[in-house]
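These notes are about the structure you will find just below.
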Amino acid sequence: MDATISFQEQLERLAEAMFGPQLDSLGLGRRALREHSIEELEASLERVNDAMAHPESFGVFHSKLSAEAGLIITQSGSEGHITLGIMPPLLQRKRLRPRALSAGVSRRC
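Going by my numbering, the first residue of the sequence shown is number 2, and it counts up by one from there.
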């Protein structure tokens, strides 16, 4: 992992890499949100809220930190020090929505 960015940002990038494909398949990819119409953005908000209500349906991954190897994904939760789920990418999608809405309004004008 890149040492020039914060640990939190590294975790967010890792969560995006792990859960991004699932969000893409739900029409909640970053590119899709930027290209959605206002009506599609309203529907995507419902999908984001549904996903946030049931984050366990996306699973989690466990990892641990090693001085030699850095961040290592583990096979079981008991081996891991860090558990990461889909909430960080979902919150990011929710933050993208107002920007996409304002861009959509300006495209219509």
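Just so you know, even glycine gets a beta-carbon here, dropped at the ideal spot from N, CA and C.
In this text, all values refer to a predicted model and were calculated from it rather than measured experimentally.
Simplified DSSP assignment, three categories, for residue i
i: Ser-64; result: strand
i: Gly-30; result: coil
Exposed unless 16 or more other CB atoms sit within 10 angstroms - verdict on residue i
i: Ala-52; result: buried
i: His-82; result: exposed
i: Phe-20; result: buried
i: His-37; result: buried
i: Arg-35; result: exposed
Residue j beta carbon less than 8 angstroms from that of residue i
i: Arg-31; j: Leu-97; result: yes
Spatially closest choice to residue i from the options, by CA coordinates
i: Gln-23; options: Thr-75, Glu-80, Phe-59 and Ala-70; result: Phe-59
i: Ser-64; options: Ser-79, Pro-56 and His-55; result: Ser-79
Do the segment 84 to 103 and the segment 11 to 26 make contact, defined as three or more Cβ pairs closer than 8 angstroms? Cβ pair count under 8 angstroms is three or more, so yes.
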